[in-house]
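Peer 1: Sending over a structure as structure tokens; questions will come in a sec.
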Amino acid sequence: MKRFTRMAYKNPEEMIFGHAKFPVSQRSNIQFGAGYVVPEVKVAPGEGTEESKEKMVSECRNIAQSACERAVAVGLPAFMLEQEHIFQQTSNPDWTAECTRIQAETLEKYYDEYDIRTALMATSADIREEEKAPGLRDSDLYNKTMESIEASAANGASCVAIETTGGKSVSDYGIARGDPKAILFGIGVLGSIDMEYMWKGIVNICKKYDCRAAGDTDCSQANTAMFLAGGLMDKDCSHTIAALARAMAAARSLVAVECGAVGPLKDCGYENPIIKSISGVPIATEGKNAVCAHSDLMGNLTAAVTDVWSNESVYHRQEMGGTTPEVWLQATGYEAALMNTAIQTGKGETLRDLYTLTDKYRDPQALILAYDNAYRIGEAIVKYGNDPYLRARAAALEAGAIINEAVESKKMYLTRFERDSLDNALKIFEELPSESDQFIDECIRKYSRKVAEFDPKSYGL
Amino acid sequence: MKRFTRMAYKNPEEMIFGHAKFPVSQRSNIQFGAGYVVPEVKVAPGEGTEESKEKMVSECRNIAQSACERAVAVGLPAFMLEQEHIFQQTSNPDWTAECTRIQAETLEKYYDEYDIRTALMATSADIREEEKAPGLRDSDLYNKTMESIEASAANGASCVAIETTGGKSVSDYGIARGDPKAILFGIGVLGSIDMEYMWKGIVNICKKYDCRAAGDTDCSQANTAMFLAGGLMDKDCSHTIAALARAMAAARSLVAVECGAVGPLKDCGYENPIIKSISGVPIATEGKNAVCAHSDLMGNLTAAVTDVWSNESVYHRQEMGGTTPEVWLQATGYEAALMNTAIQTGKGETLRDLYTLTDKYRDPQALILAYDNAYRIGEAIVKYGNDPYLRARAAALEAGAIINEAVESKKMYLTRFERDSLDNALKIFEELPSESDQFIDECIRKYSRKVAEFDPKSYGL
Amino acid sequence: MSYEELENEIDQSFVAVRYNVEIEGPAIKPDEDPDVVNILPTDEPYRAIALAVLYEDRDASLTNVKKALDEGVSPIDVINNGLMKGMDAVSLLYTKGFYFLPDLMLAGDGMMEGVKECEQVLGHKSETKGTVVSFVAEGDPHDIGKNLVVMFLRANGYEAIDMGRDVPTADVVEAVKEHKPIFMTGTALMTTTMTVFPKVVKALQKEGLEVPAIGCGGGAVRRDFVESFPMSVYGVEAYHAPKLADAIVKDKKTWKGLRKEYSDIVGEFVSEYS
Amino acid sequence: MSYEELENEIDQSFVAVRYNVEIEGPAIKPDEDPDVVNILPTDEPYRAIALAVLYEDRDASLTNVKKALDEGVSPIDVINNGLMKGMDAVSLLYTKGFYFLPDLMLAGDGMMEGVKECEQVLGHKSETKGTVVSFVAEGDPHDIGKNLVVMFLRANGYEAIDMGRDVPTADVVEAVKEHKPIFMTGTALMTTTMTVFPKVVKALQKEGLEVPAIGCGGGAVRRDFVESFPMSVYGVEAYHAPKLADAIVKDKKTWKGLRKEYSDIVGEFVSEYS
Ligand code: B12
Ligand code: B12
């Protein structure tokens with residue numbers, strides 16, 4: 001496996017929405033990162049649909065059908081449907097097969113009839129449970145997960161994705177307690193190890209079918225941190241710590257690409273702009289049109305270098321404006337249209353900069369994802385590209401430096417909680433060993449004791 | 001009453017979001033059209049809240065409180081809450097009083113605590129019923145409507161609005177049957193007459209309090225046409241006819257300003273860009289963040305010259321991302337933030353043009369609202385400014401000319417239905433009498449017979 | 001760059017596609033559509049009567065009908081073999097996407113005018129497929145949806161009692177007593193007026209009255225709400241109303257059956273119902 | 001204009017305001033807060049024990065507790081007059097907005113460490129306010145919310161049985177039989193797992209079991225759903241859990257009472273509950 005030790009882009013200004021160094025083509029004449037932004041819609045199956053395969057299949061069909069109808073009604077040239085599978089779908093690969101087949105068929109029907117470019121991303125659930133022997137590897141749940149991914153690939157998904165959960169037990173502990181070392185170990189080391197294990201398998205499966213290995217995002221760690229960090233008034237997780245977690249997540253999620261994933265990288269963890277700067281693959285992101293799912297503090301900024309613009313997730317139900325697949329595809333569709341207009345008129349860079357500057361100083365978490373800063377973190381990562389631990393640490397340190405510079409230049413102000421937790425984390429990170437093995441040994445000892453669910457064997461350690 | 005016979009702006013390029021020729025100030029240090037865009041949120045009370053005053057008051061408080069919480073959590077500098085009252089609130093002015101009071105208090109509390117600029121628009125329902133004697137004027141329902149407006153003004157609303165329904169009986173008939181004459185009579189003549197009657201009273205009420213007379217929008221006519229027109233595939237109302245209806249609505253809704261309303265003009269009917277070009281007052285509009293309420297075909301374009309950016313309306317309930325007042329205020333708040341960033345960086349014109357060009361040729365209804373075309377329609381209106389009938393007709397003819405030019409220059413393509421209905425309407429309009437009295441006489445005769453609910457006495461005719 | 005210059009840079013198809021224009025087939029003459037040919041009568045005076053409806057010509061419709069009646073043609077035949085055939089053809093063209101709502105409304109006006117003329121000769125109301133009561137919920141002024149429902153019902157041979165908008169629940173109960181409808185349609189466009197529907201059902205039950213089904217529809221009404229009380233079925237499109245009525249009349253469906261087989265009954269995919 | 005030039009044009013306060021920074025008051029030393037002063041014991045060894053918890057010092061907490069136990073102080077006193085007082089102060093500072101979740105978690109760790117030490121000397125579990133069973137719904141892997149709930153319950157003197165995530169419904173029933181909890185908390189983060197809650201209730205009812213209330217919370221769970229079946233109350237914030245438990249223990253509230261008085265019981269405005 002070749003690790004990234006160089007940046008795909010020569011400088012941050014080269015990065016812009018709708019354009020990736022390495023565009024991806026899929027069936028139904030759709031491209032990602034090839035000069036236009038594709039809107040995406042994602043809808044969570046309604047309550048009760050988990051009760052039977054029949055209900056779930058029907059639910060999946062309705063979601064796809066509604067999305068297609070609205071796409072045509074408002075004139076979207078292209079869109080992607082992502083279906084995130086729930087436990088019952090992944091643990092029953094025949095559900096996966098049937099749900100994927102019907103969605104792929106529906107999208108294809110509209111492509112045939114209207115020439116509308118469509119794509120289906122099928123995202124299996126990572127149903128493995130570290131605390132139940134034999135843990136993350138070679139368990140029955142592991143096997144089901146891989147079978148389900150194959151069922152998606154074999155039944156018409158244009159691409160597959162997953163949010164792997166390796167390292168979560170330790171990072172959960174660290175996020176709740178503001179323990180930077182646990183977060184670094186959970187994300188940078190354990191997460192990266194587990195991704196390598198999973199993604200080699202996934203890429204091999206995809207090779208057998210007309211299906212792309214898309215990507216992975218650090219939902220279980222970076223997004224958890226952001227979720228707990230919450231709004232400006234929340235008091236659960238420091239926003240500076242959440243910013244560092246995000247930076248480390250980029251070092252982790254990059255592993256999918258190193259294993260052969262080609263994008264669009266899955267949205268959710270918000271680390272993708274950094275990975276794009278390193279790898280040049282197209283990315284999905286979410287922001288102001290994902291308010292249905294959660295509140296971030298960077299609704300515009302995340303659009304700056306996106307290739308697929310997502311709503312993250314919404315209940316499947318009726319709004320006054322239609323069903324939610326209709327309503328939210330229209331929302332992301334209109335934003336993508338704005339970006340595509342900017343591209344067409346040569347104003348892409350201006351819009352990108354406006355998106356970025358709208359939120360850059362709203363919160364430290366936003367700040368480090370501004371494309372210039374994302375690029376800097378990318379550079380820090382590739383400098384230590386061959387060592388997952390060191391590159392995650394470097395990402396965090398760079399993110400810290402970015403925040404501190406903004407504070408020094410009086411462009412950003414921190415609360416005491418944010419200030420103290422950042423100082424503390426950076427101090428700890430600076431003093432850590434420079435050898436991966438030593439760090440891992442220390443952490444195994446410390447967190448095996450503190451975190452009941454953590455099992456080094458799940459990582460081959 | 002002074003009619004508009006000149007444009008407020010010298011040319012369309014002068015118009016841009018966040019800036020109005022005549023800005024409006026309200027309590028709590030908020031301004032409209034004074035150099036920044038204000039986001040707005042609007043939430044429909046939940047089912048069952050109509051059962052008692054207590055429930056409705058509590059519902060109104062919750063909506064206000066949720067909105068304030070989220071505004072502070074994501075750092076919005078300012079926002080407006082609009083509460084559209086339902087039948088029970090307007091027909092019981094003591095409900096109006098109590099609901100308005102608690103919302104005003106809530107907003108003020110946050111203004112005091114956080115210095116966040118807040119405003120409350122209270123919109124009474126027009127509960128008059130033309131088909132029940134004595135009709136629109138001097139009926140019990142008329143009195144309640146006016147009392148309710150006074151209750152809002154007296155209990156802390158920063159401004160009041162209403163969607164008057166004069167002329168609806170006839171325009172409904174016309175819209176469903178594609179009868180251009182009925183639409184012109186309903187909107188241009190009856191609507192304008194009724195607005196004058198209502199708005200003189202409303203402006204007088206507001207003068208007694210620290211409350212602004214905001215505006216009126218042609219929900220019952222232009223918006224009905226747009227709603228029936230639906231998406232590209234719908235077959236209920238021709239989109240060219242809906243475009244003409246919209247143009248005529250501008251001539252109608254302008255009457256509020258002529259009577260003394262100062263804005264922000266209420267969103268919903270989509271005619272406001274035209275009225276802004278004529279009158280220079282700040283306007284509220286809705287678009288891509290109103291997908292919860294309905295699907296338009298101009299989600300970005302309507303932001304081009306907005307001063308208050310609205311979500312139109314949403315169920316009051318929970319989303320994964322919070323309650324709907326939270327979620328949708330965040331949505332409009334982020335878009336307003338983008339616009340304000342553009343203003344601050346001197347890129348406002350670019351963003352305005354991008355918004356416009358994204359949708360300009362998506363649909364004839366969008367086309368005529370592009371700010372350059374809106375300005376042209378404005379000019380047509382002021383040319384005949386002193387005659388409500390002639391100016392509405394002129395607006396429609398100009399809108400038709402705009403569509404035809406776009407077709408001729410191959411920038412817009414029409415379906416047969418759109419083409420035929422436009423040709424038919426323009427032909428009819430061109431052949432109409434040039435005297436208002438003659439037109440009115442003809443219409444009274446024709447539509448008294450065809451439209452059971454229509455009662456000329458309701459308009460003093 | 002100026003607005004105009006920007007505009008000239010755009011390749012529209014990257015931003016928005018007018019699918020309605022893209023997929024439009026060639027124009028047809030309404031009476032040449034093969035399915036319409038099968039419906040339209042070939043013999044006079046029925047053909048002329050049907051064609052006047054098809055061409056939405058209210059005046060011609062009236063003239064034709066009067067002439068036929070004067071000539072002694074039975075009013076029942078005029079209705080069934082002339083006017084209704086024309087309307088059937090109109091409905092068909094609407095379903096096929098060639099005709100539009102205004103066509104339906106105007107053709108419906110023409111048909112109703114003719115029917116009235118026939119009924120005057122008959123001396124009583126003509127036979128219909130059944131009576132349906134339609135109302136807009138109390139406190140709700142939005143009546144366009146209801147107007148469409150009424151139009152579609154009439155166009156399909158039902159007697160539709162139009163109670164108007166903002167109808168007190170007590171009046172609805174009275175109407176059921178009086179008309180014993182085979183179906184009822186309620187329309188509400190607001191969250192706070194759709195709550196009237198369960199009240200109507202309760203009031204009917206209290207009086208021991210039953211209607212095979214009450215179709216509850218309108219902008220803000222959601223299926224989950226409508227299905228939280230009995231006797232009701234969630235109505236999606238106005239043109240579904242006669243199909244639901246047909247299912248009651250022909251297949252003896254109750255509200256339970258309508259709920260379960262909605263999609264099949266209306267003959268199309270309905271995202272809320274599958 | 002370049003990105004940097006654009007950036008320099010912006011007056012941030014027109015676009016976004018960092019209200020958290022704007023309204024921050026002066027720093028305080030935790031043990032100098034007047035309300036904390038009222039809570040903290042003044043006599044040793046309790047003060048030192050409480051302060052170690054307050055300062056989130058797990059090691060110091062353990063050392064202090066061990067020392068006191070060695071000196072013959074009663075383990076019950078160590079818990080009630082030392083450890084719990086420290087934790088009370090921590091909770092208070094959290095409520096006032098001076099302390100944050102990590103403070104709570106770390107102080108909780110320190111307190112639990114001390115309690116365990118005391119229980120070893122005691123030879124049995126210490127007296128608590130009551131037992132609460134906490135689980136994450138079957139099929140659901142999201143456990144952070146549940147972990148917080150457990151932490152808050154323990155910090156407030158409840159014995160919280162942590163059943164983990166993805167817990168089979170049968171196991172939940174067994175746990176109720178075994179522990180006879182005064183309250184139960186269920187967490188589900190998905191639309192498709194919140195449906196487990198009514199199943200749990202049914203399963204309990206089938207066995208004739210009753211729990212005063214089951215608090216159902218978690219990301220995707222909505223109040224309207226939770227209130228559509230009995231025995232349940234919709235839980236909003238993790239720190240509400242002990243307050244709900246208190247209302248059950250002290251004021252004998254049932255699930256009906258908790259629903260009705262939620263806002264009052266948790267002592268704050270809760271937008272879903274007023
Ligand atoms: C036009 C309109 C008006 C017009 C109505 C004109 C008229 N003649 O009806 C006027 C101006 C009067 C009006 C007023 C108000 N309105 Co209004 N209005 C609308 C609007 C834009 C369109 C409604 C419409 O005509 N749709 C077209 C028709 C054809 O659709 P439909 O009735 O839903 O019918 C379709 C289906 O539902 C179905 N159907 C209907 N019934 C049945 C039955 C059966 C059996 C079947 C099978 C099918 C079926 O058939 C039709 C399709 O084929 C809607 C927007 C919306 N999202 O619905 C708001 C809307 C309904 N209004 C709204 C509001 C808030 C108001 C006001 C309270 C605002 C105010 N404060 O002034 C007032 C009411 C005042 C009062 N008296 O109480 C809100 C309601 C929000 C809520 N959840 O409660 C809406 C949703 C707008 C919004 N998003 O904010 N309004
Ligand atoms: C982190 C996360 C994950 C992590 C979980 C890590 C962990 N250790 O728990 C991981 C990566 C494992 C994960 C996986 C998945 N996730 Co997830 N995840 C989230 C996320 C972003 C945050 C959840 C969280 O930890 N919140 C913080 C905690 C503290 O909040 P909480 O649990 O809600 O608790 C609060 C309150 O609810 C309350 N509370 C909770 N319980 C109780 C009880 C009582 C009595 C009281 C009083 C209070 C109370 O207390 C807390 C506040 O103080 C949410 C987003 C969201 N909107 O919730 C999605 C979310 C829950 N996930 C979602 C999905 C779809 C998935 C996957 C299916 C995706 C996939 N296909 O891979 C998988 C699940 C796979 C499987 N095995 O089935 C969706 C669910 C959509 C739906 N409606 O069904 C969500 C909503 C994201 C989204 N918007 O799409 N996810």
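Protein chains in written order, with the numbering used here: chain E, 1 to 461; chain R, 1 to 461; chain L, 1 to 274; chain D, 1 to 274. Using N, Cα and C, we set each Cβ at its ideal position, and we do this for glycine too. Because the structure is a prediction, the values reported are computed rather than measured.
1. Determine, for residue 2/L, whether the minimum Cβ-Cβ distance to residues of chain E falls below 8 Å.
2. Suppose the cutoff is 7 Å on Cβ atoms and the five residues either side in sequence are ignored; what does the same chain contact list for residue 166/D look like?
3. For residue 245/R, is the beta carbon positioned less than 7 Å from some heavy atom of ligand 1?
4. Can you list the residues of chain D that residue 86/E reaches, using a CB-CB cut of under 7 Å?
5. Can the beta-carbon of residue 144/R be found closer than 8 Å to that of residue 77/R?
6. Any chance the segment 311 to 325 of chain R sits against the segment 286 to 299 of chain E, with 3 or more Cβ pairs inside 8 Å?
7. Anything in chain D within Cβ reach of residue 417/E, meaning under 7 Å, just list it in chain order.
8. Identify, in the order they occur along the chain, each residue of the same chain with its Cβ nearer than 7 Å to the Cβ of residue 241/D, setting aside the five sequence neighbours on each side.
9. So if I threshold CB-CB distances at 8 Å, which residues from the segment 313 to 330 of chain E count as touching chain R?
10. In this structure, does DSSP put residue 212/R in helix, strand or coil?
11. Would the segment 425 to 434 of chain E count as touching the segment 336 to 343 of chain R if we require 3 or more Cβ pairs under 8 Å?
12. Just to check, is the beta-carbon of residue 213/R closer than 7 Å to a non-hydrogen atom of ligand 1?
13. Compute the Euclidean distance between the alpha carbons of residue 261/L and residue 101/E, then round it to the nearest angstrom.
14. Between the segment 385 to 399 of chain R and the segment 45 to 56 of chain L, do three or more beta carbon pairs fall short of 8 Å?
15. May I ask you to check if the CB of residue 237/D is nearer than 7 Å to at least one heavy atom of ligand 2?
16. Please list, in chain order, the residues of the segment 56 to 81 of chain L that have any C-beta partner in chain R closer than 8 Å.
17. I want to see whether chain E comes within less than 8 Å of residue 231/R, judged by CB atoms only; does it?
18. Looking at residue 192/L and ligand 1, is the gap between the Cβ and the nearest heavy atom below 7 Å?
19. Assuming residue 205/R and residue 131/R form a contact by the criterion Cβ under 8 Å, report the distance between their Cβ atoms to the nearest whole angstrom.
20. Looking at the C-beta of residue 7/L, does it have a partner C-beta in chain R at a distance below 8 Å?
21. Are the C-beta of residue 171/R and some C-beta of chain D separated by less than 8 Å?
22. When you measure from the CB of residue 213/L to every non-hydrogen atom of ligand 2, does any distance come out below 7 Å?
23. Report the option in 244/R, 403/R, 98/R and 328/R whose CA atom is closest to the CA atom of residue 361/R.
24. Just the C-alpha distance for residue 254/R and residue 389/R, rounded to the nearest angstrom, thanks.
25. Check whether chain D comes within 8 Å of residue 45/E, counting only Cβ atoms and requiring the distance to be less than that.
26. Residue 362/E touches chain D at which residues, Cβ-Cβ below 7 Å?
27. Between residue 103/R and residue 64/R, which are expected to be in contact by the criterion C-beta below 8 Å, what is the C-beta distance as a whole number of angstroms?
28. Roughly how far, in whole angstroms, is the beta-carbon of residue 182/L from the beta-carbon of residue 130/L, given that I think they are within contact range, below 8 Å?
29. With respect to the alpha helix (DSSP H) encompassing residue 126/E, which residues constitute its N-terminal and C-terminal limits?
30. With respect to the alpha helix (DSSP H) encompassing residue 248/L, which residues constitute its N-terminal and C-terminal limits?
Peer 2: So, to answer that:
1. Residue 2/L sits at position 2 when you count from the first residue of the third sequence. No, residue 2/L does not count as interfacial toward chain E.
2. Counted from its first residue, the fourth sequence places residue 166/D at position 166. Same-chain partners within the cutoff: 136, 138, 139, 140 and 141.
3. Working through the second sequence from its first residue, we reach residue 245/R at position 245. No, Cβ of residue 245/R sits at least 7 Å from all heavy atoms of ligand 1.
4. Within the first sequence, residue 86/E is the residue found at index 86, counting from 1. Going along chain D in sequence order, the residues near residue 86/E (Cβ under 7 Å) are 190 and 192.
5. Taking the first residue of the second sequence as 1, we reach residue 144/R at position 144. Taking the first residue of the second sequence as 1, we reach residue 77/R at position 77. No, Cβ-Cβ distance for residue 144/R and residue 77/R is not below 8 Å.
6. yes
7. Locating residue 417/E in the first sequence gives position 417, counting from the first residue. Result: 100.
8. Taking the fourth sequence and counting its residues from 1, the one referred to as residue 241/D is at position 241. For residue 241/D, where only same-chain residues beyond five positions count, the Cβ hits under 7 Å are 149, 152, 153, 185, 215 and 235.
9. 313, 314, 315, 319, 320, 321, 322, 326, 327, 328 and 330
10. In the second sequence, the residue the question calls residue 212/R occupies position 212. Here residue 212/R sits in strand by DSSP.
11. no
12. In the second sequence, counting from the first residue as 1, residue 213/R sits at position 213. No, since every heavy atom of ligand 1 falls outside the 7 Å radius drawn around the Cβ of residue 213/R.
13. Start at 1 with the first residue of the third sequence, and residue 261/L comes out as number 261. Start at 1 with the first residue of the first sequence, and residue 101/E comes out as number 101. Cα-Cα distance, rounded: 24 Å.
14. no
15. Working through the fourth sequence from its first residue, we reach residue 237/D at position 237. Yes, the Cβ of residue 237/D comes within 7 Å of a heavy atom of ligand 2.
16. none
17. Position 231 of the second sequence, counting from 1, holds the residue named residue 231/R. Interface residue, yes.
18. Residue mapping note: residue 192/L aligns to position 192 of the third sequence, counting from 1. Yes, ligand 1 has a heavy atom inside 7 Å of this Cβ.
19. Counting from 1 along the second sequence, the entry for residue 205/R is found at position 205. Counting from 1 along the second sequence, the entry for residue 131/R is found at position 131. 27 Å between Cβ atoms; not a contact.
20. Locating residue 7/L in the third sequence gives position 7, counting from the first residue. So, interface residue.
21. By 1-based counting over the second sequence, the position of residue 171/R is 171. Not an interface residue.
22. Residue 213/L sits at position 213 when you count from the first residue of the third sequence. Outside the cutoff, so no.
23. The residue labelled residue 361/R in the question sits at position 361 within the second sequence. Checked all of 244/R, 403/R, 98/R and 328/R; the closest Cα to residue 361/R is 403/R.
24. As a position in the second sequence, residue 254/R is number 254, starting the count at 1. As a position in the second sequence, residue 389/R is number 389, starting the count at 1. Their Cα atoms are separated by approximately 13 Å.
25. To locate residue 45/E, count along the first sequence from 1; it is residue 45. So, interface residue.
26. As a working note, residue 362/E is residue 362 in the first sequence. Residues of chain D passing the Cβ test: 16.
27. Reading the second sequence from its first residue, position 103 is the one you call residue 103/R. Reading the second sequence from its first residue, position 64 is the one you call residue 64/R. Contact flag correct, Cβ pair sits at about 4 Å.
28. By 1-based counting over the third sequence, the position of residue 182/L is 182. By 1-based counting over the third sequence, the position of residue 130/L is 130. Contact holds; Cβ gap of about 4 Å.
29. Residue numbering aside, residue 126/E sits at position 126 when the first sequence is read from its first letter. Here residue 126/E belongs to no alpha helix (DSSP H), and DSSP marks it neither H nor E.
30. Within the third sequence, residue 248/L is the residue found at index 248, counting from 1. Taken as a continuous stretch (DSSP letters only), the alpha helix (DSSP H) holding residue 248/L covers 240 to 251.
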